[in-house]
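Just so you know, the working numbering puts 157 at position 43 of the sequence shown, and the rest follows in order with no gaps.
For reference, the structure discussed in these notes is given below.
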Amino acid sequence: MLKIFSLAAAAVLLLSAPVPADAARAEASVVQMHRCNTSRDYCIVIEYTQASPHRVPLVIAHKVSGRKGHSYWARWMYQKPGKDVKVSRWKKSSWTGENGDAPGVAVESLWGHTGRASGPKLPAKTLVCAQFKGSKKKACYRLP
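So, in C-alpha cells, the structure goes:
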C-alpha cells in the first residue's frame, strides 16, 4: 500500500511541476498557416516555427468534399523565387471523418511531422502548393 501511495504522490508532483519556459516558448512559436483554393474544397496547411519560418517540418493537403470509400491521392510542390517547380510523389490520402461543413468526407495527406525542427529549408517568398490527383486546382501559400 505504501508503494502505491508513493507512486501516486510522485505522479502528482510530476504533473503539478511547472513547464520549463523554453518548452512553453517552443510550443507557442509554432505557426500553422491554412490556405484554401478559391472554391474552398482543397486546402494546404503548412507548419513552421517563428524562430525558423523557412524550415517547413509539416505540409498537409486537405480535401473537404470527398466520397466515402473513394481513394484520393495528393502531392505537394514548391517553387523557390526564380527557380523551377519541385514536385513530390503522389501520396494516398487518409480518411479523417465526416465533414459537417460540406457534403461528403474529409481526407488528407501529410508530409513530415508536427512539432519538429526538421524539414526542408526554403527561402523567403517560396510558393508552396498542394494538389489532389485528377484536379488542376491547387491550394498555395507563399512563405514570409
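Glycine residues also receive a C-beta, built at the ideal position from the N, C-alpha and C atoms.
| Item | Value |
| --- | --- |
| Sequence-distant residues of its chain with Cβ nearer than 7 angstroms to Leu-257 (five each side left out) | Pro-167, His-168, Leu-236, Ala-238, Lys-239, Thr-240, Val-242 |
| Touching by the beta-carbon criterion (3+ pairs, under 8 angstroms), the region 176-184 and the region 151-163 | yes |
| C-alpha distance - Ala-137 paired with Gly-229, whole-angstrom precision | Note that Ala-137 scores 44 on pLDDT, short of 50, meaning its location in the model is unreliable; the coordinates nonetheless yield the value given after this. So the two alpha carbons sit approximately 11 angstroms from each other. |
| Distance CB(Ala-220)-CB(Gly-183) smaller than 8 angstroms | no |
| Rounded separation between Ala-244 and Ser-207 - CA only | 12 angstroms |
| Extent of the continuous beta strand (DSSP E) to which Gln-245 belongs | 241-246 |
| Cβ-based neighbour list, Ser-232, same chain, cut-off 6 angstroms, excluding 5 preceding and 5 following | Pro-171 |
| Supposed close pair Arg-189, Tyr-255 - CB separation, criterion 8 angstroms | At roughly 15 angstroms, the Cβ-Cβ gap does not stay under 8 angstroms, so Arg-189 and Tyr-255 are not in contact. |
| Identity of the residue in Asn-151, Ile-160, Val-145 nearest Arg-226 by Cα | It should be noted that the sequence gives Gly, not Arg, for residue 226. When only C-alpha atoms are compared, the closest one is Ile-160. |
| C-beta neighbour in chain B for Ser-223, strict 8 angstroms | In the structure shown, chain B does not exist; there is a single protein chain. |
| According to DSSP, residues forming a beta bridge with Leu-224 | Ile-174 |
| Beta-ladder partner(s) of Arg-169, from DSSP | Lys-235 |
| Distance, Ser-143 Cα to Tyr-162 Cα | 8 angstroms |
| Burial state of Ser-249 (16 or more Cβ within 10 Å) | exposed |
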